[in-house]
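Take a look at the structure:
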């Protein structure tokens, strides 16, 4: 089979490139919309955890141009909850119903004549929240006293499963050593340039939805969508645009917005378009999971691992949303990595916290898993005094063991890890790298070498997710398995060839590869083959496995294309055979002509034979079906449902990667320089060398981001802190080094082309390879937490910080090291403590001294409500503030507790104010702690501390002025000269 | 991410800009390159009622030399100044750190001064060089020293109705030496710490950005080599270094000590 399918196309230019490189790509926001299309904007929660006590949309509805406002009540009335992947009483809706569980959760949708008007209207929606304590840390979320996110679930544990393969207990009992590591993998995501987009229409006559969205599959989600919209699948037509500005899995997460916009179109009675903005995308689209994993290894004296024990806490965010818990279970067959480890124990806990729900992302479970496993392998080497390279080599699966079945049931299809490693070391210059490290260290430089060996799975088994269920639950639900790929080839009346893919590409070059493959099989010019990549569930052949994920194109989608092309070729051969007077088996397809073997002069044009079924069906050989359209489905038989013993072949193909790197840490700045990076891949047969290189370089760049730069950071109060690319620093060309890419090829015996997926591997191998290099350079086995920012590394290099100079006032450090804003100050006020005290308690005085105050009322004794404009420089917003005075000790001290709410965000805090008599008046001293959430926290983190200081300073400054004014003749306006 | 409604006025000359600014008061903003204001408008962090576009005022478009100073009017872009790197050695060193070529192509020098971001390079340079800000309102002109102009984070001495007409930077003298360096997360990012140094004879002047709300200035009449580490440690601890998402207070102090040493060595060698 393999010989017949050597369809390499490295010499083929990509048909995708001319429009993409000249700015002519057809992305969702470029496409026209139906007449009368309205535009949606989404109001999002400023709090991580709060009850919605009321939503007042009246004022928003009166704004000219506004057509409709949707709230949770509408969504509950018109749709059903999104399906949840485990048996737990968790309700997930596309719009908050009664409660918000993460900052940025959609709370209301405005539909208006333009996005501008829709956003104007957002500012007019008034939501009253009752804040609840958030829980942000997955370990803390498991505590008995942690706040529960979902009322019907009395804890935050959505699922817990224990797995046992082989005899891990015996292996640990026998082992010479036990080595353990706990690894915390943070939240990050490979993030696309193009954000989500949806154009939705509703046909009330047919009760049918028609949605164009830049969704990227898997189309198993179509079933989730139609169920949520409460229509049969044939009444939800889902289409995708011709071009995609990147997905990396993230675009799967557009699906709740498909439901939301479909409902908005239904309520508004018009088509509705919504394009997500960058702040929305970074805050609330989809993140990869963060994970706490404790790994224990039973290790022989020579470093061989005989058993592995994993305890994994997976943080899926505010609710378990489809297709989670896939991040954890996608790798289930692969938890022993590239190593022959026969005994395995796994404990998986799925935990919910007040963060954005998680979903697909490039690498999908691999980065989290390998960061733990390959850090563990290095630790084993150090604890046993062995060379880390030797520990890897001693544990690799032997070349003669393939196909190899892992402890947890994956069938590794092919590989020769020893040759791959040896070739990488040789061709990648490992010996020279060791010398380079030695020379650098001799000069006192911080130079380290890191290693990682990784198995990259591809073509997901649609049944792996059911491993999250118990065998009994699975038996009840019925088996799920396979990875059905589909392709359709059409011959038109001119004899031209069109191909329809099911892979929803995001620019990888699928059309080029498919055209070349079909052209080779039919003996025609690849430039004459047209490949259609936009997807339409109403017209295309597809199955739940369709889409752009799990690196399935080269291994699965291409396979279906090949089968369809070969079937058509065989039928055309029979038609041609009658014209050529030759047996069909002897018919040759070449250069756009069809002829009998050995007789190329007597040829018929391909187009004539290819169009014959249109023009002269009566001439077809008896009993032969027409050759007009061929649809092939292909699913690998190797992808069976989980066994009763929880064995699962979670993916079809298993590529191998061995990486090593040399890195140097700058002692002056803590910055890491990647001096050399070598990445060896065995991805089976390489179908297009340039595209494979593009995949590797892309994943490598993503991995540089995850390693050194990117984190979806949250405050302890649940505020999201990385809402712009200034605070979510995706690396640019300036920050990404040039890796050396090497290959060996052990073709896959289980895919039609011998190819395996290659799109995600460096997202799995590179972060941990670099982290191992950093650990080597530091000469310490400190727990390294990504991203390895200079600020994190500096204390590990320099040891103790130089002391402050003698006599210097100690600087206040925030107690938690968190993001609570703290500050203090004092003012001399030209009034007696009693006068100052009375001012603090008088609404009219407060109105005049609170900066930007429009109105103050005392709503209850010592509780004030104020309408204020707060801001710094040009950044201003209007807020409603509530301030309560507590612990009153007149006229000496008072505690102010307050919170502010506005369109730009929210704040809350306490201030302790003391008044002491001083010459000429009073010394007023204050100390505050504040937390800020919502938009300002997401986009302005860098400046918040300074801004809080200014705004609070303005208050007391004004108090000083007011006091001065109240006592004519006293010139004690301490601040007067300064502002 | 669409701005709130605002009126837009394209001013053809400075008096038109100033009278519009006078009439609209505090709710108007001057729009120059828009590289900070544009983002703030789209995020609705700023909601001015009127934007006065000054970029078509020809009289404010050209750099000139005047009385041993470089006069940089309000419409001169950062890239235009960078292209004249012969004009001042410190600006030649610092401007490549200012954003990216795309943002420099629109962002103006005076706009950066008016925005007064604590991490920005241009305020730091202006403070180190003892530059001046020429301010105009409809009826008045005044000049403010750089050290007095920056009042806080994104807060300046500008009052309602006023705009910056130009900044003035003393030309470098032969016996002056300059150095600049900074650390950000990525190339072109806001500085975590930026330092600039100037030596003239024995006098050493250092400014630090990215730490306090405004550029911090230190000057030593003489500083022996042996005293540099202590002097920099004193400086590091005396400023208000804080934690944020990208850096800790400790890291900022580390950078002040380490980058400070680098720029002092550069101007002293």
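Chains as they are written, first to last, in our numbering: chain A, 212 to 1190; chain B, 14 to 282. For every residue, glycine included, the Cβ atom is placed at its ideal position computed from N, Cα and C. Just so it is clear, the structure is predicted and the values come from calculations on it, not from any experiment.
Beta-carbon within less than 8 Å of residue i's beta-carbon, same chain only, minus the 5 sequence neighbours each way: which residues are those?
| i | result |
| --- | --- |
| residue 823 of chain A | 786, 830, 831 and 838 |
| residue 432 of chain A | 426, 463, 466, 533 and 534 |
| residue 1027 of chain A | At residue 1027 of chain A the pLDDT is 46, less than 50, meaning the model places this residue with poor confidence; the figure from the coordinates comes in the next sentence. For residue 1027 of chain A, where only same-chain residues beyond five positions count, the Cβ hits under 8 Å are 927. |
| residue 104 of chain B | 94, 95, 98, 138 and 182 |
| residue 629 of chain A | 604, 607, 609 and 610 |
Can you give me the Cβ contacts of residue i inside the same chain, cut-off strictly under 6 Å, excluding the 5 residues immediately before and after it?
| i | result |
| --- | --- |
| residue 504 of chain A | 394, 523 and 583 |
| residue 1159 of chain A | 1032 and 1141 |
| residue 723 of chain A | 223, 225 and 226 |
For a contact defined as C-beta to C-beta under 7 Å, what are the partners of residue i on chain A?
| i | result |
| --- | --- |
| residue 260 of chain B | 1002 |
| residue 247 of chain B | 1016 |
| residue 53 of chain B | 1085 and 1086 |
| residue 42 of chain B | 1085 |
Taking C-beta pairs closer than 8 Å, name the residues in chain B that residue i reaches, listed in chain order.
| i | result |
| --- | --- |
| residue 1150 of chain A | 56 and 58 |
| residue 1009 of chain A | 267 |
| residue 946 of chain A | 199 and 200 |
Listing by chain order, which chain A residues have their CB less than 8 Å from the CB of residue i?
| i | result |
| --- | --- |
| residue 21 of chain B | Under the 8 Å cutoff, chain A gives no residues; its nearest Cβ is about 14 Å from residue 21 of chain B. |
| residue 263 of chain B | 1002, 1005, 1006 and 1012 |
Using 10 angstroms around the beta-carbon of residue i, count the other beta-carbons present and answer buried if the total reaches 16, otherwise exposed.
| i | result |
| --- | --- |
| residue 507 of chain A | buried |
| residue 1070 of chain A | exposed |
| residue 259 of chain B | buried |
| residue 566 of chain A | buried |
| residue 242 of chain B | exposed |
| residue 826 of chain A | exposed |
| residue 1188 of chain A | With a pLDDT of 30 at residue 1188 of chain A, under the threshold of 50, the predicted position of this residue should be treated as unreliable, though the coordinate-derived value follows. With fewer than 16 Cβ atoms within 10 Å of its Cβ, residue 1188 of chain A is classed as exposed. |
| residue 1130 of chain A | exposed |
| residue 899 of chain A | buried |
| residue 404 of chain A | exposed |
Among the options, which one has its Cα closest to the Cα of residue i?
| i | options | result |
| --- | --- | --- |
| residue 708 of chain A | A/783, A/683, A/443 and A/338 | A/783 |
| residue 184 of chain B | B/221, B/145, B/70 and B/272 | B/145 |
| residue 121 of chain B | B/93, B/103 and B/148 | B/93 |
| residue 519 of chain A | A/879, A/612 and A/617 | A/617 |
| residue 349 of chain A | A/803, A/512, A/396 and A/317 | A/396 |
| residue 266 of chain A | A/415, A/1109, A/944 and A/333 | A/333 |
| residue 1104 of chain A | A/1092, A/1112, A/1128 and A/1085 | A/1128 |
| residue 1101 of chain A | A/1084, A/1112, A/338 and A/1050 | A/1050 |
| residue 281 of chain A | A/308, A/599 and A/1039 | A/308 |
Identify the contact partners of residue i in chain B, using a Cβ-Cβ distance below 9 Å as the criterion.
| i | result |
| --- | --- |
| residue 1146 of chain A | 56, 57 and 58 |
| residue 327 of chain A | 15, 16, 17 and 18 |
| residue 920 of chain A | 198 and 199 |
| residue 1115 of chain A | 56, 57 and 58 |
| residue 1161 of chain A | 165, 166, 167, 168 and 226 |
| residue 914 of chain A | Residues of chain B passing the Cβ test: none, with the nearest at roughly 16 Å. |
Starting from the C-beta of residue i, find all residues in its chain whose C-beta is less than 7 Å away, skip the five residues before and the five after it, and write them out in chain order.
| i | result |
| --- | --- |
| residue 692 of chain A | 672, 673, 674, 850, 851 and 852 |
| residue 215 of chain A | The pLDDT assigned to residue 215 of chain A is 37, lower than 50, so where the model puts this residue is not dependable; a value taken from the coordinates is nonetheless given after this. Nothing meets the Cβ criterion. |
| residue 877 of chain A | 884 |
Along chain B, in chain order, which residues have C-beta atoms closer than 7 Å to that of residue i?
| i | result |
| --- | --- |
| residue 932 of chain A | 258 |
| residue 244 of chain A | The premise fails here: residue 244 of chain A is roughly 17 Å from chain B at the closest Cβ pair, so nothing lies under 7 Å. |
| residue 940 of chain A | 198, 199 and 202 |
Got a sec: does the ligand FAD put a non-hydrogen atom nearer than 7 Å to the Cβ of residue i?
| i | result |
| --- | --- |
| residue 520 of chain A | In the structure shown, the ligand FAD is absent, as is every other ligand, since no ligand is present at all. |
Against residue i, what residues of chain A qualify as contacts under a CB-to-CB distance less than 9 Å, listed in chain order?
| i | result |
| --- | --- |
| residue 50 of chain B | 1085 |
TODO: Select from the region 201 to 228 of chain B all residues with a C-beta closer than 9 Å to any C-beta belonging to chain A, and list them in chain order.
DONE: Residues passing the 9 Å Cβ filter: 201, 202, 203, 205, 225 and 226.
Task: Proximal residues, the region 768 to 785 of chain A versus chain B, C-beta separation under 9 Å - done: If the cut-off is 9 Å between Cβ atoms, the region 768 to 785 of chain A has nothing near chain B.
Task: Residues of the region 159 to 178 of chain B with Cβ closer than 7 Å to any Cβ of chain A, in chain order - done: Residues of the region 159 to 178 of chain B with a C-beta less than 7 Å from any C-beta of chain A: 165, 166, 167 and 168, listed in chain order.
Task: Residues of the region 317 to 343 of chain A with Cβ closer than 7 Å to any Cβ of chain B, in chain order - done: Hits within the stretch, in order: 326, 327, 330 and 331.
Task: Contact set between the region 466 to 497 of chain A and chain B, restricted to residues whose Cβ is under 9 Å from the partner - done: Cβ contacts with chain B come from 488, 489, 490 and 491.
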